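Visitor: Chains as they are written, first to last, in this note's numbering: chain A, 1 to 874; chain B, 1001 to 1874. All C-beta atoms, glycine included, are put in the ideal place defined by N, C-alpha and C. Quick caveat: nothing in here was measured; it's all calculated off a predicted structure.
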């Protein structure tokens, strides 16, 4: 169902770009009429000229990147601001409701609980009805899309609406959910929609590789305008979504994210929320002496603990999803009542955080934002001497319980929020995990900070001056470390600087984040990779580093040796068999079965088109006409009545057509595919040399039988069976008077003909690897070029093929999740046999080629007749 | 002289890695003796066992990346700290000298001037003698090296010593020079040397692609420990040195740079320079209200002006270099007296900055660091009400001149420093341009800030509260903007945050930096690209963005159609002619001249080896022996005396061997090449299937004549002519009794034989492009894979070749420095002819192949004898 593209569609993208440029060029050439207009008189004409000029100027400008980026930034800033505003309203409404009912605890509880349940249910229901793919974070999908996989339904207007509305409701419910991941998705949606919109003005937008670049910038904008953190946004989006990053895109990201963050904060100033542009969670730590060297071990401890915590979070999250999936009875029940699961989870979480209930032990009345502000506060909550005269502001007061210690409350908060967040992020609503994890990390940091403050109540003595400990600094470190561990990124450090507006703790934060990453990366995949695995998205896993045994695996160990190929002198029957076996996306074209010299690759759909065309009704009618002509001639000679064998006519028949791939090359397209990438739209013009049969009744009946027999192995692919009942219109100039038997006979006969590749689009240079290419290098090349498969050749001879699947297997084989390293059997073999054998085999290979060549050249030298024919053909 | 590597040496790198792994594996298998040892008794043995265990553990650990990165960070932090210490000492000495002589102005002047002249002369002389390649920034060279070009003399111990000593002296002189660029180079040198050193322990270090990864991390470390800015360092190094960045390297950079910055700052704390770890140029701006929205236009003005200024700086710098080069008389004179130019420039600059002289109008007594501290100061220098009670500290006092206005002094400072910096950075000493530009930018920002403070003396009124203007904030913005404009980077913003320890001005800084970049990038290349062009380093220029006409250029427009190739049935004479023509690095191997099917590529040196081996003395002696055997048989039958034609014996002759490439494959290596990349060392083992003749006298005399005739077109390549006078030792088991005429005849005869490629290393899958690949895509692929050349194929047939040179020409042709865009003639042609023609030509191409194929298959079908022989050979 998802078409992976490699080299080929990129070519098409380039083609589309050229085509667009040509169209625009044409537009320019059409300018003379304007000059003619100028000779006419009258005011109206001048106005029109002016308007045309303006329009043309706008047109030429609209194609520029920076216009697009500014628009994107602007739109996203507005979206972010409006959403924040709505979320704040929703949260206030909850407080107001439960606050207004403080006379009756039960009523208060009902109000407190019903509100989020309704919101989450609405969010889940809305998302499910409008666009189910809007659920979840969106970063895993963006990662997959930027890898080069086309997941088109993830970038539609419907998804945009579902994501924005769903996210607003989900966050308004007060559950521990984040908005970072969804914002990355929303920004990408925005970019994709803007691209579509802008393509009305200039053709340059209809280009795939440019769209990918814009999507990369959009990811940065998403993070940037979510946290008003342009630099952190760019870095985070790079780390999270890319494998290889083009530095020339860097600029785009910075530009758009900065603009977006700027507008986002300016809106806040205009709305009188802020006096001027400052950070979202402004801190006021000391500048002159932010921390002491002796505090560094504590920061390191936070980092290491966060690493374990982050890995645990990812594990817990996956465990919950897998548990829900495995329990078939639960699963079935939940499938039927889709809104029940979200509602139950919300009920559980909001019951536990009900402020007069258990919530009093975990500051249940605070929103995420308030919690963070209280964590990042300078003042300690424990210091004995100051506890009394410490005028609690509303936020910090939540942490002061008459019965319980601050430490106990913090521990309860951390533990409860931990599983709550892991649970809440599995809900089928648009939600991210970054912010909840960030809050938990801050809580943990605060806990350590408060402990340190309790341990050194007088502060730390340095050179005679005593500096008190700032627990807020620890909270900042903890937040960066835990969110870094969960997402496997270092740039959370930068996000934290931008969020707090202070960079004074740079070294502790960097140290903690790096330690947390080191621990978490060795234990679990990142939350996004984990979701990619859960969702089984077609993504190439990352190579861990330091796994030296991967250098020992070579392409020859993992490649599929049994390559399907067609030769230049294949018959249509061979072609047909190839199409029956398996579900290859492309088929290799070799010179001959003996030489196996790789000439190119042909897409499956192209071959289908070839076959369909060859067995088409037109050709059959032509055949009938020719036969009739011959008959007539014969009749004119022999003069006997023509053969009118009684047989069922094939005019009214039901034909099946199965297409397993939604390729744009589908020969007969009953469901018109709406490609996301506008470049694909243009492929039809690109293929104008192929006469694609446009109505489904062109395919022969023999073809029908054969295509239906095709085994449907891949369960992932949605097979769209299109039953096209074609009531035949009377064709005026041709009469199809063949019987079924005759048709089959004709088709059998046609199948034995040699394939004519002239009207077929061949990829003349598919990517090639060598047997001895290492896994490491193969992975790099696949990631770099976004390949789907590569042929393995040895001195021009095709000997195997490696696709993403083999590569993924090999990587996961050599590095399983649990750290058990398995080497493919062949790799160990080679260690004992030295390289001498392989170089020998190389020589043998060449020998073969050599021998073959000389044997070919022998007739040329000794038999002048064949060499003549050879030369003539050149 | 510089060997560019593409795919092939990477293969070898992989091979080396495997080889190393194998050796280590072997080492492990050799463990049993240890166990045997345990059965022996005695204390000493136990100690030994323990030692061996420890050693083994260390060995296994030493191979890990993080050990390497920590070591690198540690070493670089120490180097940075010690250098800073020495530079501070040198600067103090100058002040002390001129301060001690304040009784006599002339003596003071002499002391002030002589000191930097001596230091710079020493630096230039030392650099010139020890390692001339240490001069200059080093970033352009690193950029080229990371692009994949081997510039081996840039990464030696000598260069390291020259760079460190030279840089210390140069910076100690007080000239406006920076240390950022050289630090990037020093860090890379450190990494290269550490790699070499570590390879004594574990073989895993002998790997090229790993070294490149380490070099990328080292660049980050260089910036990181120079400014104690780990994040900015990583980003700056990415922006400056990479085109495509592997995100998996990101982590490495962060890790090493953070560790390095940490140690660097901890050393300062231990040295009692600082109380705790803080930023280098700590600022104390207001946190609550850093700036007002109404100030933003001023920041934008700083950004735009900095953009123009940055472009002007790059232009001026290049102009000076080109002027010095063009003036041949000056040039000649300077070539003779190498130290004169630096001395004169130093004299000029230090005379102008002499504090009691003109220096009083440009704060000449302040060092760079003091200047920056004074610029970043919170307090305004102009505010009327406070001028009197403003207790000037020593630094700010320098800007207060009794006669001149602050504005005048700032303007003089900016103008003077501008040309001084541009001039000073052309000196042949290790020096960077970042810091001087940073200071000028700060001065400009301060100027704007002071102007704003003078314009709004009461500060800006917002909501009734009046906030005074902070000129230091403007200075920070200006510094980031100008350095960003000169280097074409956005990450200077991050460096500034880390340098000042404050992030409150994030939005103004980002806006200014982006505007400055936009302006500067449209006017001039970055300073590093400018130096790359001046030095003519083999680097691929970057594609500007938004140049749509590049989408119209295709590979077929720029490729070289006249490809040199050899076929499977080439004779040694063909091979020989190929070697004579031009200086190709690799030669394409095609199936036959008719089919032109590309089978692979062979390196020039391999072909030379083949030829040399074929005409070697051994083979000749064998021939003589065979002839003698035949003779003897004939003698035994006919019994006539053997032919003893009187001729000069060839035992004592002078043979020439010219090798224009320092390839490791050089058949006879009189000068043993010292490859930087340790991977190359191992190639000799990789090539053990090639019998490389080890002494120069193996080459025949005919070969000599022919090789000498080779035209030496490329002036860039240093031709090392090695005259090897080989006094022949008496060979016991063979006697070379052929005359020169006989030898020539024999060689002529040998040259007509078909080449036997069996012992030749063929790259079986050279990179292939298609005719219609766009320039944009070609550029991407070349940058991504670090290619040197790529073959253009059409359905397997070789039709052209594109090398870096063609690509560079095409890019520079379509986008010259001055902004004039030239399209290749063919690109405009294609616009009129639609895509129909090209698809037609594609079909024709296939037709040909098809026809050729059928003509080949005809004899197989009709003549069973040939097809039999064909099948047998398979």
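Residue 1524 (chain B) and residue 1314 (chain B): beta carbons closer than 8 Å?
Guide: Contact: yes.
Visitor: Locate the alpha helix (DSSP H) running through residue 604 (chain A), then write down its first and last residues.
Guide: 604-614
Visitor: Let's test the definition: count the other Cβ atoms within 10 Å of the Cβ of residue 1336 (chain B) and tell me whether it reaches 16, buried, or not, exposed.
Guide: exposed
Visitor: So, is the C-beta of residue 522 (chain A) closer than 8 Å to a C-beta in chain B?
Guide: No - not a single Cβ of chain B is within 8 Å of the one on residue 522 (chain A).
Visitor: Give a yes or no on whether the minimum CB-CB distance between residue 246 (chain A) and chain B is below 8 Å.
Guide: So yes, residue 246 (chain A) belongs to the interface.
Visitor: Is the Cβ-Cβ distance between residue 1311 (chain B) and residue 1073 (chain B) less than 8 Å?
Guide: no
Visitor: Would you identify the three-state DSSP class for residue 353 (chain A), choosing helix, strand or coil?
Guide: coil
Visitor: Please determine if the region 437-445 of chain A and the region 414-421 of chain A are in contact, where contact requires at least 3 C-beta pairs separated by less than 8 Å.
Guide: yes
Visitor: So which residues on chain A does residue 1499 (chain B) lean against when the C-beta distance must stay under 9 Å?
Guide: The premise fails here: residue 1499 (chain B) is roughly 10 Å from chain A at the closest Cβ pair, so nothing lies under 9 Å.
Visitor: So for residue 1101 (chain B), helix, strand or coil by DSSP?
Guide: Coil, per DSSP.
Visitor: Going by beta carbon distance, what residues of the same chain come within less than 6 Å of residue 343 (chain A), once the five residues before and after it are set aside?
Guide: 117, 121
Visitor: Measure the alpha-carbon distance for residue 1292 (chain B) versus residue 1474 (chain B) and round it to whole angstroms.
Guide: Distance between the alpha carbons of residue 1292 (chain B) and residue 1474 (chain B) is about 12 Å.
Visitor: CB-CB under 7 Å to residue 1574 (chain B), same chain, minus the five flanking residues each way: which ones, in chain order?
Guide: So the qualifying residues of the chain are 1566.
Visitor: Check for me: the alpha helix (DSSP H) holding residue 1447 (chain B) runs from which residue to which?
Guide: 1434-1455
Visitor: In the structure shown, what three-state DSSP assignment does residue 1772 (chain B) receive?
Guide: coil
Visitor: Who are the Cβ neighbours of residue 1758 (chain B) in its own chain at under 8 Å, not counting the five residues just before and after it?
Guide: none
Visitor: Return helix, strand or coil for residue 1781 (chain B), following the three-state DSSP convention.
Guide: helix
Visitor: Does the region 1098-1112 of chain B come close enough to the region 1139-1158 of chain B that 3 or more CB-CB pairs lie under 8 Å?
Guide: Fewer than three beta-carbon pairs drawn from the region 1139-1158 of chain B and the region 1098-1112 of chain B are found closer than 8 Å, and the two stretches are therefore not classed as touching.
Visitor: Helix, strand or coil for residue 1425 (chain B) per DSSP?
Guide: coil
Visitor: Could you check the C-alpha separation between residue 199 (chain A) and residue 190 (chain A) for me, to the nearest Å?
Guide: 14 Å
Visitor: Counting only C-beta atoms, is residue 282 (chain A) closer than 8 Å to chain B at any point?
Guide: yes
Visitor: Sort out for me which residues DSSP pairs residue 245 (chain A) with in a bridge.
Guide: B:1245
Visitor: Looking only at its chain, what residues have a beta carbon closer than 7 Å to the beta carbon of residue 339 (chain A), apart from the 5 residues adjacent to it on each side?
Guide: Excluding the 5 residues flanking it on each side, residue 339 (chain A) has same chain C-beta neighbours closer than 7 Å at 121, 124, 125, in chain order.
Visitor: In whole angstroms, what is the alpha-carbon distance linking residue 1407 (chain B) and residue 1447 (chain B)?
Guide: 7 Å
Visitor: Taking the alpha-carbon of residue 1781 (chain B) as reference, which of B:1067, B:1555, B:1194 has the nearest alpha-carbon?
Guide: B:1555
Visitor: May I ask you to verify whether the region 84-94 of chain A touches the region 169-186 of chain A, counting CB pairs closer than 8 Å and requiring at least 3?
Guide: Touching, per the Cβ criterion.
Visitor: Between residue 498 (chain A) and residue 229 (chain A), is the Cβ-Cβ spacing less than 8 Å?
Guide: yes
Visitor: Between residue 1527 (chain B) and chain A, is there a C-beta pair that is closer than 8 Å?
Guide: Using a Cβ-Cβ cut-off of 8 Å, residue 1527 (chain B) does not count as an interface residue toward chain A, since no Cβ of chain A sits closer than that to its own.
Visitor: With three or more C-beta pairs closer than 8 Å as the rule, is the region 612-628 of chain A touching the region 745-752 of chain A?
Guide: yes
Visitor: So which of A:528, A:598, A:302 has the shortest CA-CA distance to residue 476 (chain A)?
Guide: A:302
Visitor: Could you give the uninterrupted runs of the beta strand (DSSP E) lying entirely in the region 257-310 of chain A, keeping only those of 3 residues or more?
Guide: none
Visitor: Look at the Cβ atom of residue 478 (chain A), then the Cβ atom of residue 445 (chain A), and state whether they are nearer than 8 Å.
Guide: Inclusion of residue 478 (chain A) and residue 445 (chain A) in the CB contact set at 8 Å is warranted, their separation being smaller than that value.
Visitor: Can we count residue 376 (chain A) as close to the ligand COA, meaning its CB is less than 7 Å from some heavy atom?
Guide: Annotation note on the ligand COA: not contained in the displayed structure, which lists no ligands.
Visitor: Using a threshold of 8 Å, state whether the C-beta atoms of residue 585 (chain A) and residue 788 (chain A) are closer than that.
Guide: yes
Visitor: When the distance is taken between beta carbons, is residue 76 (chain A) closer than 8 Å to residue 306 (chain A)?
Guide: No, they are not a contact pair.
Visitor: Given a cut-off of 8 Å, decide if residue 1590 (chain B) and residue 1607 (chain B) are closer than it, judged by their beta-carbon atoms.
Guide: In this structure, residue 1607 (chain B) lies away from residue 1590 (chain B), with their beta-carbon atoms at least 8 Å apart.
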